[in-house]
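Here is the structure we will look at, set down as C-alpha cells.
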Amino acid sequence: MSEASSSKSGLYAVADFCLIPMGLPTPSVGPQIAECQRVLEASGLEYKACCIPLAGYGTNVEGPWDAVMAAIGECHRAVHAMGTPRIATDIRIGTRTDKSISSGGNDGKVKRVEEILGAK
1 MSEASSSKSG LYAVADFCLI PMGLPTPSVG PQIAECQRVL EASGLEYKAC
51 CIPLAGYGTN VEGPWDAVMA AIGECHRAVH AMGTPRIATD IRIGTRTDKS
101 ISSGGNDGKV KRVEEILGAK
C-alpha cells in the first residue's frame with residue numbers, strides 16, 4: 001500500500017460528489033458551493049470543482065478514504081452553518097486493491113480515456 005493510502009481503512013478513494021443545498025429562500029446555491037470548495041481547499045486533498053471538463057455536476061476529490069469522508073462531512077457542517085436547513089448529497093466512490101494509487105487517480109483515468117480517443 002502506498003503512503004497516501006495509509007488511512008485506517010487502508011483504501012485510497014476517488015470520489016465524485018454533488019452536494020445539493022435545499023430549503024433556501026433563493027434558487028441560487030453559489031455561496032454554499034463556494035463554502036464547500038473552501039473546505040476542500042483547506043483539507044489538502046486533491047480535488048476538481050464542478051464545471052471543469054469531465055467533472056460534470058459535482059466535485060471530484062481523492063485521497064485516503066477517511067480523509068475523503070471527513071472532507072465531505074465537513075462540507076455538510078459548513079453549509080449547514082450558513083443556515084441551509086437540508087442537504088442532499090450524491091456520492092460515487094471508487095477504490096481498488098489491484099494496484100497502488102497514491103495520487104492522481106482521477107487524472108490517470110482522464111489521461112487513459114484521452115489516449116484511447118487519440119489512438120483513433
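Residue numbers (full-length UniProt numbering): 1 to 120.
Even for Gly, the Cβ is constructed at its ideal location relative to N, Cα and C.
Everything numeric in this text was worked out from a predicted model, so none of it was measured.
Range covered by the alpha helix (DSSP H) that runs through P27: P27 -> no alpha helix (DSSP H), and no H or E assigned at all.
Straight-line gap, L78 to A67 (C-alpha atoms, nearest Å): It should be pointed out that residue 78 corresponds to Ala in this sequence rather than to Leu. The straight-line gap from Cα to Cα measures roughly 16 Å.
9 Å Cβ cutoff met for G44 and C18: No. Outside cutoff.
Through-space distance from A119 to A15, alpha-carbon basis: 28 Å
Same chain only: Cβ atoms within 6 Å of P27, ignoring 5 sequence neighbours per side: none
Secondary structure of K48, DSSP reduced to three states: strand
Under the three-state DSSP convention, the category G73 falls into: helix
Outcome for G23 when other beta-carbon atoms lying within 10 angstroms are tallied against a minimum of 16: exposed
Three-state secondary structure (DSSP) of R96: coil
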